[in-house]
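Inspection log for the structure reproduced underneath, given as structure tokens.
Protein chains: 2
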Amino acid sequence: MTVTLADVAARARVSPATVSRVLNGNYPVAASTRERVLRAVDELDYVLNGPASALAAATSDLVGILVNDIADPFFGIMAGAAQSAIGDTGTGRAGGEKLAVVCNTGGSPERELTYLTLLQRQRAAAVVVTGGALDDPAHIAALTAKLAKLADAGTRVVLCGRPPMPGDAVTATLAFDNRGGGRLLTEHLLALGHRRIGYVAGPAERSTTRDRLEGHREALAAAGASGGGPDAPGDGAADRLTVHGPYTRAAGYEATRELLARDPSLTAVVAANDTVALGACAAVREAGLRIPQDVSVAGFDDLPFSVDAVPALTTVRLPLHEAGVRAGRLAMGTDTPPPGGVETIAGELTVRASTAPPRA
Amino acid sequence: MTVTLADVAARARVSPATVSRVLNGNYPVAASTRERVLRAVDELDYVLNGPASALAAATSDLVGILVNDIADPFFGIMAGAAQSAIGDTGTGRAGGEKLAVVCNTGGSPERELTYLTLLQRQRAAAVVVTGGALDDPAHIAALTAKLAKLADAGTRVVLCGRPPMPGDAVTATLAFDNRGGGRLLTEHLLALGHRRIGYVAGPAERSTTRDRLEGHREALAAAGASGGGPDAPGDGAADRLTVHGPYTRAAGYEATRELLARDPSLTAVVAANDTVALGACAAVREAGLRIPQDVSVAGFDDLPFSVDAVPALTTVRLPLHEAGVRAGRLAMGTDTPPPGGVETIAGELTVRASTAPPRA
DNA sequence: CTGTTAGCGCCTTCAG
DNA sequence: CTGAAGGCGCTAACAG
Chain Y
0 MTVTLADVAA RARVSPATVS RVLNGNYPVA ASTRERVLRA VDELDYVLNG
50 PASALAAATS DLVGILVNDI ADPFFGIMAG AAQSAIGDTG TGRAGGEKLA
100 VVCNTGGSPE RELTYLTLLQ RQRAAAVVVT GGALDDPAHI AALTAKLAKL
150 ADAGTRVVLC GRPPMPGDAV TATLAFDNRG GGRLLTEHLL ALGHRRIGYV
200 AGPAERSTTR DRLEGHREAL AAAGASGGGP DAPGDGAADR LTVHGPYTRA
250 AGYEATRELL ARDPSLTAVV AANDTVALGA CAAVREAGLR IPQDVSVAGF
300 DDLPFSVDAV PALTTVRLPL HEAGVRAGRL AMGTDTPPPG GVETIAGELT
350 VRASTAPPRA
Chain A
0 MTVTLADVAA RARVSPATVS RVLNGNYPVA ASTRERVLRA VDELDYVLNG
50 PASALAAATS DLVGILVNDI ADPFFGIMAG AAQSAIGDTG TGRAGGEKLA
100 VVCNTGGSPE RELTYLTLLQ RQRAAAVVVT GGALDDPAHI AALTAKLAKL
150 ADAGTRVVLC GRPPMPGDAV TATLAFDNRG GGRLLTEHLL ALGHRRIGYV
200 AGPAERSTTR DRLEGHREAL AAAGASGGGP DAPGDGAADR LTVHGPYTRA
250 AGYEATRELL ARDPSLTAVV AANDTVALGA CAAVREAGLR IPQDVSVAGF
300 DDLPFSVDAV PALTTVRLPL HEAGVRAGRL AMGTDTPPPG GVETIAGELT
350 VRASTAPPRA
């Protein structure tokens, strides 16, 4: 029923090996022969058998992209960029195309491991793992081991928007400077004159959460050290003004209500990301406070909707698209990895209308 | 280097055939033997060779999910839901898991076809195609032919959020009632008393665009027919008050500026979807008009951010998650297809704060 | 430049 | 319930 390479060979009156060679284009073939083969392929409407090819060649054209939440544009943008960078490599003919696919872990460590196993089973050519890591040592160990196995089997591994991992299994790591970004944002607020700043953090066990929060605390500490005075924020106050929750709008809303209850004199709220910031805005507004006149609000990531929020959100812009493209190229082996294997990508403070000096 | 099924067999002191049988679980094996095999698998850290398995069995555990834009939550939600419905089928052991992957076509018909070919090459177990179709007959024909080939090769094909296609290649179609939804929305505006309604449509060549616009026009026509009077909207006016553009916020912004310029007396703007509506809101606001006091704005889809817009967006809720889950189950063969193969899913008018009666 | 020859690792009848 | 044997469709050395 299904036409095989042998059928094509017969029709083109050449050997199967020759057909394979023109299809893969990695071996000299006479132009006339090639054309005859290509014609036979078209006439027979032949489609290469991927599994057979992968089995014989011991590598497949599958590239996996792992994301924590496919419904979140943060991941969608990176994944889409990586996928197009990978897909565009295709030579046009049936040969070169890679099948770039995205796998949604839903943030679950088990599913992350499961997908990696599935990809290993398929003998994937490369794997791109995006998004913040879990801080759990057991999971990190399991993940490291799994990635090492993949690398052993010849799969290229690149991390995108995720901190470096131990071991040498990883081809390249693109890490976001979350800590630096967090610091920038809070410094901005501090410079504006804010002193009582609430922080809506992400899930406690994620590296992204930790880094951004650390940046925030660093800025606070620096201000406290330099500024002095009884009004300066200390660590105790910072703890009291931090609430953790998932990276969702609903969590941002709840957390902000809580913060406002704990300290009604808050003049600013920093959210772990833009999505959370949207929830924070809703809570602030519901409390009868104006943004930014009564309370400033800031996010992180600069997702597309942030510029449209009312007021437009002050945030830290992360070059998600560029990072995704780079990750895709690295996975294809068309870009050379950075020296040391790790590249840190800075965030850019983007000041818009949601932050302003506090009321006098 | 890599451990094979034969290694496992040797260690468990059984034949390769037996190992295969316990792994696939589709054949009786003595409990004690099974346990011995499973232990060997764990000890050797064996991972099935997907390509080899697929080659021998002539089917793989790959399931492809095609989306138009992975950075758009509309698709992310459906894809995520489908993927989890498919992944959750796993029996837990290395056997049953399917590898559900999402492929981003970027709305390009060529890439859609390319991905389908790639999936066909992998001998995918099933394919879920989401999102509106292109109205181009040539592409529809090509797509139909490709899907027929996939179906021939034993791949299950399900359409999700897309109109039915000719031929019997498709296992099941989950179509959204875009026309009905569009009608509901405009009827709502009409009932509120609006007469001059602008429409920001999507790309002209997409079925989703066409259907939603038709619903809008139907409502207008019905009102014109029943209402009469010189102020009643006619087709000419409707044409003049419709602007097409891509499904982006920027397009919504531009189109709305244009509409406002064409007819400053507009009292309502209906957008093709929520994302576009956000841009429309920005344009309305920038024109110094208030929502909904001066101009009402409505969207479509009810994406998560819509409830957070200011004011919260009136829209038509589509059960994206539920549809995705259903599509996933249909793709797995765990749900039975609807009679006739086509199931139409209605949208639900969701009235929020962005629409109100026009000013007197 | 092209044909021949062996497998790649697994599944699946067919015997036992 | 278990083992033996053949082949799935393709690629990769080797020869020529």
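One line per chain: the protein sequences are Y and A, in this order.
The first sequence maps to residues 0 to 359 in numbering that gives the first Met the number 0.
The second sequence maps to residues 0 to 359 in numbering that gives the first Met the number 0.
For glycine and all other residues, C-beta sits at the position ideal for the given N, C-alpha and C.
The model shown is predicted, which means the values in this text are computed figures rather than measured ones.
Could you give the residue range of the beta strand (DSSP E) that holds residue 177/A? Taking the second sequence and counting its residues from 1, one reaches residue 177/A at position 178. Bounds of any beta strand (DSSP E) do not take in residue 177/A; it lies within the alpha helix (DSSP H) bounded by 177-191.
Tell me, please, whether the CB atom of residue 17/A is closer than 9 angstroms to any CB atom in chain Y? Looking up residue 17/A in the second sequence gives position 18. Taking Cβ atoms only, chain Y never reaches closer than 9 angstroms to residue 17/A, which makes this a no.
Does any C-beta atom of chain Y lie closer than 9 angstroms to the C-beta of residue 113/A? Locating residue 113/A in the second sequence gives position 114, where the first residue counts as 1. Yes, because at least one Cβ of chain Y sits closer than 9 angstroms to the Cβ of residue 113/A.
Collapsed DSSP secondary structure at residue 318/A in the structure displayed: Looking up residue 318/A in the second sequence gives position 319. Residue state, collapsed to three classes: coil.
Our contact map puts residue 159/Y next to residue 326/Y with C-beta atoms below 8 angstroms; I'd like the distance itself, whole angstroms only. Stepping through the first sequence from its first residue, residue 159/Y is reached at position 160. Stepping through the first sequence from its first residue, residue 326/Y is reached at position 327. In this structure, residue 159/Y and residue 326/Y form a Cβ contact; the two beta carbons are roughly 4 angstroms apart against a cut-off of 8 angstroms.
Hey, residue 170/A and residue 329/A: beta-carbon distance below 9 angstroms or not? Sequence index remark: in the second sequence, residue 170/A carries index 171 (1-based). Sequence index remark: in the second sequence, residue 329/A carries index 330 (1-based). Yes, Cβ-Cβ distance for residue 170/A and residue 329/A is below 9 angstroms.
Return the residues of the stretch 119-147 of chain A that lie within a Cβ-Cβ distance of less than 8 angstroms from chain Y, sorted by chain order. Considering only beta carbons, the part of the stretch 119-147 of chain A lying closer than 8 angstroms to chain Y consists of 119, 120, 121 and 122, in chain order.
Along the alpha helix (DSSP H) that carries residue 111/Y, what are the first and last residues, could you check? Position 112 of the first sequence, counting from 1, holds the residue named residue 111/Y. 108-120 is the span of the alpha helix (DSSP H), which, as asked, contains residue 111/Y.
How about residue 340/A and residue 155/A: are their beta carbons less than 9 angstroms apart? The residue given as residue 340/A occupies position 341 in the second sequence. The residue given as residue 155/A occupies position 156 in the second sequence. No, the Cβ-Cβ distance between residue 340/A and residue 155/A is not below 9 angstroms.
Quick one: Cα of residue 162/Y to Cα of residue 148/A, how far? As a working note, residue 162/Y is residue 163 in the first sequence. As a working note, residue 148/A is residue 149 in the second sequence. Here the alpha carbon of residue 162/Y sits roughly 44 angstroms from the alpha carbon of residue 148/A.
Is residue 265/A helix, strand or coil when you go by DSSP? Taking the second sequence and counting its residues from 1, the one referred to as residue 265/A is at position 266. The three-state secondary structure of residue 265/A, taken from DSSP, is coil.
So residue 353/A and residue 296/A are supposed to be a Cβ contact under 8 angstroms. How far apart are they, rounded? Counted from its first residue, the second sequence places residue 353/A at position 354. Counted from its first residue, the second sequence places residue 296/A at position 297. Sure, about 5 angstroms apart at Cβ, within 8 angstroms.
What are the boundary residues of the alpha helix (DSSP H) that residue 23/Y is part of? Counting from 1 along the first sequence, the entry for residue 23/Y is found at position 24. Looking at the DSSP string, the run of the alpha helix (DSSP H) that includes residue 23/Y is 15-23.
Of all Cβ atoms in chain A, is any one closer than 9 angstroms to the Cβ of residue 354/Y? Residue numbering aside, residue 354/Y sits at position 355 when the first sequence is read from its first letter. No, residue 354/Y lies away from the interface with chain A (no Cβ there is under 9 angstroms from its Cβ).
When the Cα atoms are used, what is the spatial distance from residue 226/Y to residue 187/Y? Within the first sequence, numbered from 1, the residue matching residue 226/Y stands at position 227. Within the first sequence, numbered from 1, the residue matching residue 187/Y stands at position 188. Because residue 226/Y carries a pLDDT of 39, less than 50, the predicted location of this residue cannot be relied on, and no value is offered for it.
Against residue 288/A, what residues of chain Y qualify as contacts under a CB-to-CB distance less than 8 angstroms, listed in chain order? Counted from its first residue, the second sequence places residue 288/A at position 289. Result: empty, since nearest Cβ-Cβ is about 14 angstroms, beyond 8 angstroms.
Rounded C-alpha distance that separates residue 243/A from residue 113/A: On the second sequence, position 244 is the one that residue 243/A refers to. On the second sequence, position 114 is the one that residue 113/A refers to. Straight-line Cα distance between these residues: approximately 28 angstroms.
Can you pull the chain Y residues whose beta carbon is under 8 angstroms from the beta carbon of residue 69/A, in chain order? Here residue 69/A refers to the residue found at position 70 of the second sequence. In chain order: 69, 75, 78, 79, 82 and 101.
Look up residue 208/Y in the DSSP assignment and say whether it is helix, strand or coil. One-based indexing of the first sequence puts residue 208/Y at position 209. Residue state, collapsed to three classes: helix.
Per the contact definition of three or more C-beta pairs closer than 8 angstroms, is the stretch 115-126 of chain A in contact with the stretch 47-60 of chain Y? Output reads yes: the stretch 115-126 of chain A touches the stretch 47-60 of chain Y.
With 7 angstroms as the limit, tell me which residues of the stretch 300-315 of chain Y have their beta carbon closer than that to any beta carbon of chain A; keep them in chain order. Correct list: 303, 304, 307 and 309.
Counting C-beta neighbours from all protein chains within 10 Å, is the total for residue 289/A 16 or more, i.e. buried, or is it exposed? Here residue 289/A is taken as the residue at index 290 of the second sequence, counted from 1. So residue 289/A counts as exposed.
Can you list the residues of chain Y that residue 318/A reaches, using a CB-CB cut of under 9 angstroms? On the second sequence, position 319 is the one that residue 318/A refers to. Taking the beta carbon of residue 318/A as reference, no residue of chain Y falls within 9 angstroms; the closest one sits roughly 14 angstroms away.
Between the Cα of residue 219/Y and those of 16/Y, 108/Y, 198/Y and 175/Y, spot the shortest distance and give me the residue it belongs to. Stepping through the first sequence from its first residue, residue 219/Y is reached at position 220. Its Cα nearest to that of residue 219/Y, the residue 198/Y stands out among 16/Y, 108/Y, 198/Y and 175/Y.
Return the residue from the list 257/A, 306/A, 271/A and 324/A that minimises the CA-CA distance to residue 298/A. Indexing the second sequence from 1 puts residue 298/A at position 299. Nearest C-alpha to residue 298/A: 271/A.
Near residue 79/A, what residues of its chain come up, given a Cβ to Cβ distance below 6 angstroms and the 5 sequence neighbours on each side ignored? Stepping through the second sequence from its first residue, residue 79/A is reached at position 80. Around residue 79/A, the same chain offers no residue with a beta carbon nearer than 6 angstroms, after the five sequence neighbours per side are excluded.
Residue 122/Y vs residue 152/Y beta-carbon contact at 9 angstroms: On the first sequence, residue 122/Y is found 123 positions in, with the first residue counted as 1. On the first sequence, residue 152/Y is found 153 positions in, with the first residue counted as 1. Pairing residue 122/Y with residue 152/Y gives a Cβ-Cβ distance under 9 angstroms.
Can you say whether residue 264/A is buried or exposed, counting buried as having 16 or more other CB atoms within 10 angstroms of its CB? For this step, residue 264/A is matched to residue 265 along the second sequence. Counting every other CB atom within 10 Å of its CB across the protein chains shown gives residue 264/A a total below 16, marking it as exposed.
Look at residue 304/A and residue 277/A and say whether their C-beta atoms are less than 9 angstroms apart. Reading the second sequence from its first residue, position 305 is the one you call residue 304/A. Reading the second sequence from its first residue, position 278 is the one you call residue 277/A. The answer is yes: Cβ separation under 9 angstroms.
Does the distance from the C-beta atom of residue 314/Y to that of residue 300/Y stay below 9 angstroms? In the first sequence, residue 314/Y corresponds to position 315, counting from 1. In the first sequence, residue 300/Y corresponds to position 301, counting from 1. Between residue 314/Y and residue 300/Y, the gap from beta carbon to beta carbon is short of 9 angstroms.
Contact set between the stretch 29-55 of chain Y and chain A, restricted to residues whose Cβ is under 9 angstroms from the partner: Per Cβ criterion, the list reads 44, 46, 47, 48, 49, 50, 51, 52, 53, 54 and 55.
For residue 59/Y, count neighbouring C-beta atoms within 10 Å of its own C-beta (all shown protein chains included) and say buried if the count is 16 or more, exposed if not. As a first step, residue 59/Y is located in the first sequence; it is residue number 60 there, counting from the start. Label assigned to residue 59/Y: buried.
Residue 300/A bridges to which residues according to DSSP? The count along the second sequence starts at 1 and reaches residue 300/A at position 301. Its beta-bridge partners are 316/A.
Pull up the DSSP beta-bridge partners for residue 125/A, would you. Here residue 125/A refers to the residue found at position 126 of the second sequence. Answer by DSSP bridge pairing, in chain order: 62/A and 155/A.
DSSP state of residue 342/Y, grouped into three classes? Taking the first residue of the first sequence as position 1, residue 342/Y is located at position 343. Reduced to three states, the DSSP call for residue 342/Y is strand.
Relative to the C-alpha of residue 144/Y, which residue among 44/A, 267/A and 342/A is closest? The residue you call residue 144/Y lines up with position 145 of the first sequence. Comparing Cα positions, the closest option is 44/A.
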